[in-house]
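A.B. asks: Numbering (this note's numbering), first residue to last: 3 to 426.
Where is the CB? At the ideal position from N, CA and C, for every residue including glycine.
Predicted, not measured: the structure shown is a model, and the values here were computed from it.
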């Protein structure tokens, strides 16, 4: 029996393919035994906690992989977080310093929160919690949560259709949704409290059973506050509270050389591609270059909308996109040349060139897009940043090649009437 008690208290942690005992047994007096947590068990628990915290922090700071922070363990209990291009340090500290442990509790209506504040003992199984508003409002809630926030699978910002005020929409997994539906169905007309880090952020009354597995959190949120709360809920709760010990702001001078080299590579590649297209395809090459510039503008606009930081992996993705965008135009123009060589007139050659090149270009870009999705799903940090830049570039490249370039060619044809030859 005692040896059984000394087995791992977790679900069997394996270290070097051997099971580790988390408890040691000391025989003190007669039938009295003392169980001690071993140093290895404590170290393993600390390691798991730090690793989980690193992954959760990464999801909070770099959900899309476009910020490309450096997040790594430093010593036994510290985590180093470096975020390039940070504009709002206070918001980042708020995201990092919040445990974000959310639970849903029924409000105990047998006693007023103000009565408990004034000295009345709360009922057994209940406790006093304050709202996060100013002034704070006391509530007495049931200690046992009706549903745990661990059952949340998604959270997003929405707007109240009546007041247009920001709100946070959330969704449970199957088990959480079923339990939430059962509890709300049995407690229609009663208030329940949404508790975040031991503060009540909302205490609505259950108007009807919520059976869809989803709901919304309303309050006096700004759009930024609602967005931050949604990020915290999507990322999950930290396994332990964290405090910020040190903060430094480093200028861009340390990485300026690398970024400058990346920019030079992008400019040189861009100029070389422009020159090649003009030499090889004359006026049609100019059309392709205009589309290429528009492609870069679209990529930068989308990345700016995502608040992405342009780092070396992002620059690499853009350089690769430039080559892919030109490749699409090369396939189209070469197909047009083949149609001209077969004796077709210029207008028919252009139409057939675009239509017959579409399948090849689409297939090639779909396979690359799937590779970008796999990189985004399985990668982290700079890899996800490269993947999302590449995916955006694929979409914009196909758009500019088949929409913008063809529009320019069509406008040229309209001005020329029925040309006997093409400047191709």
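1) From the DSSP output, in three-state form, read off residue 112 for me.
2) For residue 11, which three-state DSSP category applies?
3) Please say whether residue 170 and residue 218 have beta carbons closer to each other than 8 Å?
4) Could you check if residue 413 is buried or exposed, using at least 16 other CB atoms within 10 Å of its CB as the buried criterion?
5) State buried or exposed for residue 422, treating a residue as buried only when at least 16 other CB atoms are found within 10 Å of its CB.
6) Taking DSSP as the reference, what is the three-state secondary structure of residue 340?
7) Rounded to whole angstroms, what's the CA-CA distance from residue 188 to residue 229? Just pull it up for me.
8) Is the Cβ-Cβ distance between residue 178 and residue 153 less than 8 Å?
9) Report yes or no: do the stretch 292-307 and the stretch 397-412 share at least 3 C-beta pairs separated by less than 8 Å?
10) By the DSSP assignment, the beta strand (DSSP E) with residue 75 in it spans what residues?
11) Compute the Euclidean distance between the alpha carbons of residue 113 and residue 251, then round it to the nearest angstrom.
12) Rounded to the nearest angstrom, how far is the Cβ of residue 2 from that of residue 174, given a contact under 8 Å?
13) Go ahead and label residue 105 buried or exposed: buried means 16 or more other beta carbons lie within 10 angstroms of its beta carbon, across all protein chains shown.
14) Please report the distance separating the alpha-carbon of residue 79 from that of residue 101.
15) With burial defined as no fewer than 16 other Cβ atoms inside 10 Å of the residue's Cβ, what is the status of residue 387: buried or exposed?
16) Report the three-state DSSP secondary structure of residue 5 (helix, strand or coil).
17) Could you give the residue range of the beta strand (DSSP E) that holds residue 171?
18) Which residue wins for smallest C-alpha separation from residue 195, given the options 242, 163 and 130?
19) So, residue 72 versus residue 84, is the Cβ gap smaller than 8 Å?
20) So, at 6 Å on beta carbons, what are the nonlocal neighbours of residue 231 in its own chain, with the 5 sequence-adjacent residues on each side left out?
21) Report yes if the CB atom of residue 202 is closer than 8 Å to the CB atom of residue 116, and no otherwise.
22) Can you list, in chain order, the residues of its chain with a C-beta nearer than 8 Å to that of residue 141? Leave out the 5 residues immediately preceding and following it.
23) Ignoring anything shorter than 4 residues, give me the alpha helix (DSSP H) runs that lie fully in the stretch 189-254, in order along the chain.
24) Do the stretch 310-325 and the stretch 371-391 touch if we need at least three Cβ pairs shorter than 8 Å?
25) Which same chain residues, not among the five before or five after residue 128, have their C-beta less than 7 Å away from its C-beta?
26) Only counting the same chain, and skipping five residues up and downstream in sequence, which positions put a Cβ closer than 6 Å to that of residue 354?
27) How is residue 1 classed by DSSP in three states: helix, strand or coil?
28) Taking only the alpha-carbon atoms, compute the straight-line gap between residue 402 and residue 417 and give it to the nearest angstrom.
29) Using a Cβ-Cβ cut-off of 7 Å (strictly less than) and excluding sequence neighbours within five positions of residue 371, which residues of its own chain qualify?
30) How big is the Cα-Cα spacing for residue 244 and residue 87?
31) Please classify residue 60 as buried or exposed, where buried requires at least 16 neighbouring CB atoms within 10 angstroms.
32) Can the beta-carbon of residue 55 be found closer than 8 Å to that of residue 240?
33) Which residue's Cα is closest to the Cα of residue 107: 148, 89 and 77?
34) Is it right to say residue 14 is buried, meaning 16 or more other beta carbons lie within 10 angstroms of its own, or is it exposed?
35) Are residue 157 and residue 183 close, meaning C-beta to C-beta below 8 Å?
C.D. replies: Reading from the atomic positions:
1) Taking the first residue of the chain shown as position 1, residue 112 is located at position 110. Correct three-state label for residue 112: coil.
2) Translated into the one-based positions of the chain shown, residue 11 becomes position 9. Caution applies to residue 11, whose pLDDT of 48 falls short of 50 and renders its modelled position unreliable; the value that the coordinates give is listed next. Coil.
3) If you number the chain shown from 1, residue 218 lands on position 216. If you number the chain shown from 1, residue 170 lands on position 168. Yes; because the gap between Cβ atoms is below 8 Å, this pair is in contact.
4) Locating residue 413 in the chain shown gives position 411, where the first residue counts as 1. Exposed is the call here.
5) Along the chain shown, read from residue 1 onward, the residue named residue 422 stands at position 420. Here residue 422 is exposed: its Cβ has fewer than 16 other Cβ atoms, across all protein chains shown, within 10 Å.
6) For this step, residue 340 is matched to residue 338 along the chain shown. Of the three classes helix, strand and coil, the one that applies to residue 340 here is helix, per DSSP.
7) Your numbering for residue 188 matches position 186 in the chain shown. Your numbering for residue 229 matches position 227 in the chain shown. Cα-Cα distance, rounded: 32 Å.
8) Taking the first residue of the chain shown as 1, we reach residue 178 at position 176. Taking the first residue of the chain shown as 1, we reach residue 153 at position 151. Result yes, Cβ atoms of residue 178 and residue 153 sit closer than 8 Å.
9) Enough Cβ pairs lie closer than 8 Å, so yes.
10) Looking up residue 75 in the chain shown gives position 73. That run of the beta strand (DSSP E) goes 72-76.
11) On the chain shown, residue 113 is found 111 positions in, with the first residue counted as 1. On the chain shown, residue 251 is found 249 positions in, with the first residue counted as 1. Approximately 50 Å between the Cα atoms of the pair.
12) This structure cannot speak to residue 2, because the chain is shown only from 3 to 426.
13) Within the chain shown, residue 105 is the residue found at index 103, counting from 1. Classification for residue 105: buried.
14) For this step, residue 79 is matched to residue 77 along the chain shown. For this step, residue 101 is matched to residue 99 along the chain shown. If I take the Cα positions, the gap works out to 16 Å.
15) Here the question's residue 387 lines up with position 385 in the chain shown. Buried, since its Cβ has 16 or more Cβ neighbours within 10 Å.
16) On the chain shown, residue 5 is found 3 positions in, with the first residue counted as 1. Unreliable placement is indicated for residue 5, whose pLDDT of 49 sits below 50; the coordinate value is still reported in the next sentence. If DSSP states are grouped into helix, strand and coil, residue 5 belongs with the helices.
17) If you number the chain shown from 1, residue 171 lands on position 169. 168-174 is the extent of the beta strand (DSSP E) around residue 171.
18) Along the chain shown, read from residue 1 onward, the residue named residue 195 stands at position 193. Among 242, 163 and 130, the Cα nearest to that of residue 195 is on 130.
19) Here residue 72 refers to the residue found at position 70 when the chain shown is read from its first residue. Here residue 84 refers to the residue found at position 82 when the chain shown is read from its first residue. For residue 72 and residue 84, yes; Cβs fall inside 8 Å.
20) For the purposes of this step, residue 231 is taken as residue 229 along the chain shown, with counting starting at 1. When the five nearest sequence neighbours on each side are left out, the beta carbons in the same chain lying within less than 6 Å of the beta carbon of residue 231 are those of 170, in order along the chain.
21) Sequence index remark: in the chain shown, residue 202 carries index 200 (1-based). Sequence index remark: in the chain shown, residue 116 carries index 114 (1-based). No. Outside cutoff.
22) Mapped onto the chain shown, residue 141 falls at position 139. Answer for residue 141: 109, 115, 130, 131, 132, 133, 195, 202 and 205, listed in chain order.
23) 225-237
24) yes
25) Within the chain shown, the letter at position 126 stands for residue 128. The answer, listed in chain order, is 110, 142, 143, 144 and 145.
26) Counting from one through the chain shown, the residue named residue 354 turns up at place 352. The beta carbon of residue 354 is closer than 6 Å to those of 341 in its chain, skipping five residues each way along the sequence.
27) Given that the chain is displayed from residue 3 to residue 426, the structure contains no residue 1 and the question cannot be resolved.
28) Position 400 of the chain shown, counted from the start, is the residue given in the question as residue 402. Position 415 of the chain shown, counted from the start, is the residue given in the question as residue 417. The alpha-carbon atoms of residue 402 and residue 417 are separated by roughly 21 Å.
29) Locating residue 371 in the chain shown gives position 369, where the first residue counts as 1. 393 and 396.
30) Translated into positions along the chain shown, residue 244 becomes position 242. Translated into positions along the chain shown, residue 87 becomes position 85. Cα to Cα, residue 244 sits roughly 23 Å from residue 87.
31) Within the chain shown, residue 60 is the residue found at index 58, counting from 1. Classification for residue 60: buried.
32) Taking the chain shown and counting its residues from 1, the one referred to as residue 55 is at position 53. Taking the chain shown and counting its residues from 1, the one referred to as residue 240 is at position 238. Cβ atoms of residue 55 and residue 240: closer than 8 Å.
33) Looking up residue 107 in the chain shown gives position 105. Of 148, 89 and 77, the residue nearest in Cα terms is 148.
34) The residue labelled residue 14 in the question sits at position 12 within the chain shown. The predicted position of residue 14 is uncertain, since its pLDDT is 43 and thus under 50; a value taken from the coordinates is nonetheless stated next. Per the 10 Å Cβ criterion, exposed.
35) On the chain shown, position 155 is the one that residue 157 refers to. On the chain shown, position 181 is the one that residue 183 refers to. No.
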